Structures are given as C-alpha cells and as structure tokens.
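Enquirer:
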Amino acid sequence: MRYPGYALFLALWALHGWFQSMGAVPSGVALSQWFSNRERGRYYGAWSCSHSIGEGVSVYATAVVVTWYGWQSGYWFAAAFAAGTALLMYRTLADRPATYGLPPVADYRNDHAEAAPLNDDSVGSAQREVFRNPYVWIVCFASLAMYVTRYGMTSWGPLYMQEAKDYSLVAAGGLFFVAKIFETFGTFASGMISDILFKSRRNVVTIACCLFMVTGLGVFAMTPTTFVGTMDRSLSASLGAGTLGPETAKALAVLGIHPGEEALVAPIKAARMPEWTVNAPSWMPEWMPNWHGCRIVEADGALRVYKNYRMSHLIGASVYGMGIGCLIAFLGGLIAIDICSKKATGAAMGLVGLVSYIGATMQEKVSGMLIEGNKITVGGAQVHDFTPAMTFWFCSAVVCLVLSCFLWNAKQRD
7 MRYPGYALFL
17 ALWALHGWFQ
27 SMGAVPSGVA
37 LSQWFSNRER
47 GRYYGAWSCS
57 HSIGEGVSVY
67 ATAVVVTWYG
77 WQSGYWFAAA
87 FAAGTALLMY
97 RTLADRPATY
107 GLPPVADYRN
117 DHAEAAPLND
127 DSVGSAQREV
137 FRNPYVWIVC
147 FASLAMYVTR
157 YGMTSWGPLY
167 MQEAKDYSLV
177 AAGGLFFVAK
187 IFETFGTFAS
197 GMISDILFKS
207 RRNVVTIACC
217 LFMVTGLGVF
227 AMTPTTFVGT
237 MDRSLSASLG
247 AGTLGPETAK
257 ALAVLGIHPG
267 EEALVAPIKA
277 ARMPEWTVNA
287 PSWMPEWMPN
297 WHGCRIVEAD
307 GALRVYKNYR
317 MSHLIGASVY
327 GMGIGCLIAF
337 LGGLIAIDIC
347 SKKATGAAMG
357 LVGLVSYIGA
367 TMQEKVSGML
377 IEGNKITVGG
387 AQVHDFTPAM
397 TFWFCSAVVC
407 LVLSCFLWNA
417 KQRD
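Residues 7 to 420 (the numbering used here) are what the sequence shown spells out, left to right.
See the structure below:
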C-alpha cells in the first residue's frame, strides 16, 4: 500500500457512509406511521428541510471549529454532534402506533387511500410489492435523473459560474447560498401546498417543480456573463484601498454600474492579476460583493469590469433552488411512501435512495470527464468549456420532468 493507514481510512470512510445512510429511512418510516395521507406532506416537507439546513450549518460550524481548534477537531465535533443526535432520537423516536396499543393513523384520522389494500398484508408481501410496483421504479429513475442535476450543480456549479459566467469565487458562493435559501423554502412549502391545495396529490406540484428546475438551469446556460465592458487602463492609478475616485465612478456609470459616491475599493491580494472590488457601503465586509458593486480586473491592456451579480442569475438560482428543494422531498421519498403499503415504507425509501445515489455517483464520473476533456485556452490561461457538462445536467433535468409526468395516475395506499 502506497500510504500507511490508507486501507484503515478507506474502511472507516465506508463504514461512515453506511451508517450515515441509515438516518433518513427510519425517520421516513416514523412519518409514514404517525401522519395520515392528507397531512403527511407538510410534516415530510418540514423534516426534509434538514437536507439544506444541516448541510449549511455543518459546513459553517465545522469551518469555525477547524479554524480555532485545528482540522482534527472538525472530525471530533461532527462525531460528538452525531452521537448526541443519535441519543436524542433513541430517547424520543416513537415506534409504530400499534406498539402502544393505538389504531393505525389512517383509521384514527379516517383518512384512507384510494387504492385497495393488499390481499396479503404481511410485511414480506408488502416489501415484495414495492419491487413489483412500476410507479416505484418510475420514481427511482426520476430521482436518479434529479440527483444527476442536483449533485452536478452542487459539485461543479460554483466553478461553472466562475469560468462560464465570470463570477468571483465569493460571488459564486453567494449565488448558490441564495439557491440554498430557496431550496429550503421549496422543501418546506411543497408538502404544505400539495396537502392544502391539491388534496395530497403530489403529481401537480412535482411537475411544476421539475419545470422550475429546468427553467433555472436554462437561465444559467442562456444568459450572458457578468462582463459589462472595459475602462482605460490609466484609471488603475485611482484604484487603491479607499473610496472610489470621481473619474472611475463616471467610467463605471457609462457601463451601467452605480455603486454610489462613497463606494469602497479593496484590492484582491490573492488574485493572479491586479484586481479590485468596488462595493456600495454596507454592514458587510468591504471584500464581500454586494448587488450594486463590481469587480475590476487589469488584463489585456485594459481594465475589464464585471458586475458582482446579474439579476437573471439570481432569478435562475431562486427558481432552480425552489424546484430542487421540492423534488428532494417528493421524488426522494414522499411519493414512494404514498404509493406503497406503510408496512414497506423502509423498503420503498431504501430502494429510491439506492438508485438516486447511483445517479449521484455516476454523475461525478461523467461530469468530471466532460469538464476535464473540454479545456480551452483563453488569454493564455486554460479554462473549461462547460457546454457539454451543462447539456448533460440540463438533459437529466428534462428526463426527470418527462418521467414525473408518468406518475400522474399513481394512487396512494394505506
């Protein structure tokens, strides 16, 4: 073995993934047992927000811990938090109602599904029925296609916005932070909307959110970059740490950028070429891009000006985030729970999860090949042509939309 301890690390990482995969299914089983068809969507949507909130909190909290206490502490912090959560779930997560002498929730709420119950109501028969249900397989492959798009944008989206749309790293991160906010909102609202407005029918909301996902990707792909024009190189003398000079402000106004008379200028020290940020005064740090500001790069004998954000990209991120947020909940488990016997909820969620993560894994390989295999030289530097990769993600989103249409007649089951 080339590196000592590599085999141990690989084994521990595999165990980590295996144990981590067991968190969602028991939670989904509990939700299916304690909430009836007409109320399950809103509670499942609220629970599914953990995907976005947990990811955001863990990234930020781990970064803080590692910064103050070293990289090893990041592992210990995550492990301690997981152990505490496991203990909390052990003490509070309830078993099936029958365990406590209670009737099934469908009987208690008088909320029975349209589909006839199975002749054989044993757990084994219900689990086998999951694999024989064609709608479950449609959900599986629709979720696979959605996960290709989701993880493609999660893994490569910030780099795409930097190289294809000329965003700075920080601004690209801000754009996807906006997407995460709307993803959380879409996840939470989708279940409530389907329960209240569509009597717990998920098909209308699912198709609408597939359209949101496709539209958001289309906006990213078809809208222009943040580049707005050039200024005379002589103006670079007025760009230093401080306020924006009047001549530079006039030149920016010609390009449609109005950061204000008291705009702050800050050099970006880590940039490969001379580069500055220009931002309107705000409570945020001066290096953090805001809506009214821009980025100025000295290159090719001129000062190239880039807006911090384009409104079209912010709209695309918002629409895409809302669509993905809903689909994580619906295609990721809720629809499968609805259309299968509640005695086989774990099998249904497990099958959908397995197929979905096959798609996510496949995406990493295919996207990497498409991106790495399409390098081009621009201004003496190598960048990636993201057109093939974006086409792959967009087509996957369209496949998800088409497959979701075939779920129109899927019926709920007790």
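We put the beta carbon where it would ideally sit given N, CA and C, even for glycine. All figures in this text were calculated on a predicted structure; none of them were measured in a lab.
Any contact between the segment 398 to 415 and the segment 215 to 232? By contact I mean 3 or more CB pairs, one from each, below 8 Å.
Expert: The segment 398 to 415, when compared against the segment 215 to 232, does touch it at the 8 Å Cβ threshold.
Enquirer: Tell me whether Cys55 is buried or exposed, calling it buried when 16 or more other Cβ atoms sit within 10 Å of its Cβ.
Expert: The residue given as residue 55 occupies position 49 in the sequence shown. With 16 or more Cβ atoms within 10 Å of its Cβ, Cys55 is classed as buried.
Enquirer: If you drop the 5 nearest sequence neighbours on each side, which residues of the same chain put their C-beta closer than 7 Å to that of Ser200?
Expert: In the sequence shown, residue 200 corresponds to position 194, counting from 1. Excluding residues within five positions, the ones whose Cβ falls inside 7 Å are Gly47, Ser206, Arg207, Arg208, Val211.
Enquirer: Using CA coordinates, which residue listed in Pro230, Lys186, Gly34, Leu333 is at the minimum distance from Val63?
Expert: To locate residue 63, count along the sequence shown from 1; it is residue 57. When each option's Cα is compared against that of Val63, the closest is Lys186.
Enquirer: Alpha carbon to alpha carbon, how far is Leu18 from Gly80? Give it in angstroms, no decimals.
Expert: On the sequence shown, residue 80 is found 74 positions in, with the first residue counted as 1. On the sequence shown, residue 18 is found 12 positions in, with the first residue counted as 1. Taking the straight line joining both Cα atoms gives about 16 Å.
Enquirer: Could you check whether Ser410 and Ala148 sit closer than 7 Å to each other, using their CB atoms as the reference points?
Expert: As a position in the sequence shown, residue 148 is number 142, starting the count at 1. As a position in the sequence shown, residue 410 is number 404, starting the count at 1. Yes, Cβ-Cβ distance for Ala148 and Ser410 is below 7 Å.
Enquirer: Take Ser288 and list the residues in its own chain whose beta-carbon comes closer than 7 Å to its own, dropping the five residues that flank it on each side.
Expert: For the purposes of this step, residue 288 is identified with residue 282 of the sequence shown, where counting begins at 1. If we look at Ser288 and ignore the five residues flanking it on each side, its Cβ neighbours are Asn296.
Enquirer: Between Ile144 and Ser318, what straight-line distance do the alpha-carbon atoms span, to the nearest angstrom?
Expert: Within the sequence shown, the letter at position 138 stands for residue 144. Within the sequence shown, the letter at position 312 stands for residue 318. If I take the Cα positions, the gap works out to 33 Å.
Enquirer: What is the DSSP secondary structure of Arg419, reduced to helix, strand or coil?
Expert: In the sequence shown, residue 419 corresponds to position 413, counting from 1. Residue state, collapsed to three classes: coil.
Enquirer: When the Cβ atoms of the segment 256 to 265 are set against those of the segment 234 to 241, are three or more pairs found closer than 8 Å?
Expert: Touching, yes, given that three or more Cβ pairs across the two stretches are closer than 8 Å.
Enquirer: Quick check on DSSP: helix, strand or coil for Thr229?
Expert: As a first step, residue 229 is located in the sequence shown; it is residue number 223 there, counting from the start. Three-state DSSP puts Thr229 in coil, outside helix and strand.
Enquirer: If you follow the alpha helix (DSSP H) that Tyr96 is part of, which residue opens it and which one closes it?
Expert: For the purposes of this step, residue 96 is identified with residue 90 of the sequence shown, where counting begins at 1. 77 to 98 is the extent of the alpha helix (DSSP H) around Tyr96.
Enquirer: Using 7 Å as the threshold, is the C-beta distance between Ala350 and Ala132 below it?
Expert: Position 344 of the sequence shown, counting from 1, holds the residue named residue 350. Position 126 of the sequence shown, counting from 1, holds the residue named residue 132. Contact: yes.
Enquirer: Taking Cβ to Cβ, would you say Arg301 is nearer than 7 Å to Tyr315?
Expert: The residue given as residue 301 occupies position 295 in the sequence shown. The residue given as residue 315 occupies position 309 in the sequence shown. No, the pair does not count as a contact, with Cβ atoms beyond the cut-off.
Enquirer: Would you mind stating whether Thr160 and Ala335 have Cβ atoms separated by less than 7 Å?
Expert: Position 154 of the sequence shown, counted from the first residue, corresponds to residue 160. Position 329 of the sequence shown, counted from the first residue, corresponds to residue 335. Against a cut-off of 7 Å, the Cβ pair of Ala335 and Thr160 comes out as no contact.
Enquirer: Beta strand (DSSP E) containing Cys300: first to last residue?
Expert: Counting from 1 along the sequence shown, the entry for residue 300 is found at position 294. Element bounds for Cys300: 300 to 305.
Enquirer: Around the Cβ of Met28, are there at least 16 other Cβ atoms within 10 angstroms (buried) or fewer (exposed)?
Expert: Taking the sequence shown and counting its residues from 1, the one referred to as residue 28 is at position 22. Exposed is the call here.
Enquirer: Rank Gly322, Val154, Asn285 by C-alpha distance to the C-alpha of Pro230 and give the top, closest one.
Expert: Reading the sequence shown from its first residue, position 224 is the one you call residue 230. Of the listed residues, the one whose Cα sits closest to Pro230 is Gly322.
Enquirer: In terms of residue numbering, what span does the beta strand (DSSP E) encompassing Asn285 cover?
Expert: Residue 285 sits at position 279 when you count from the first residue of the sequence shown. Note, Asn285: beta strand (DSSP E), 281 to 285.
Enquirer: Between Glu135 and Glu61, what straight-line distance do the alpha-carbon atoms span, to the nearest angstrom?
Expert: Within the sequence shown, residue 135 is the residue found at index 129, counting from 1. Within the sequence shown, residue 61 is the residue found at index 55, counting from 1. Using only the alpha carbons, I get a separation of about 34 Å.
Enquirer: When the Cα atoms are used, what is the spatial distance from Ser174 to Met279?
Expert: By one-based count along the sequence shown, residue 174 stands at place 168. By one-based count along the sequence shown, residue 279 stands at place 273. Cα to Cα, the separation comes out at about 13 Å.
Enquirer: Can you check the segment 350 to 413 for any alpha helix (DSSP H) of at least 4 residues that lies completely inside it and give the ranges in chain order?
Expert: Whole alpha helix (DSSP H) segments, 4+ residues: 351 to 378, 393 to 411.
Enquirer: Out of Gly158, Ala100, Pro109, state which residue places its alpha-carbon closest to the alpha-carbon of Leu376.
Expert: Within the sequence shown, numbered from 1, the residue matching residue 376 stands at position 370. Checked all of Gly158, Ala100, Pro109; the closest Cα to Leu376 is Gly158.
Enquirer: Taking the straight line between their C-alpha atoms, what separation do you get for Gln39 and Pro110?
Expert: What you label residue 39 is simply residue 33 of the sequence shown in a count that begins at 1. What you label residue 110 is simply residue 104 of the sequence shown in a count that begins at 1. One C-alpha to the other measures close to 7 Å.
Enquirer: State the DSSP-derived secondary structure class of Lys205, mapped to helix, strand or coil.
Expert: For the purposes of this step, residue 205 is taken as residue 199 along the sequence shown, with counting starting at 1. Correct three-state label for Lys205: coil.
Enquirer: To the nearest angstrom, how far is it from the Cα of Pro32 to the Cα of Gly90?
Expert: Taking the sequence shown and counting its residues from 1, one reaches residue 32 at position 26. Taking the sequence shown and counting its residues from 1, one reaches residue 90 at position 84. Rounded to the nearest angstrom, the two C-alpha atoms are 17 Å apart.
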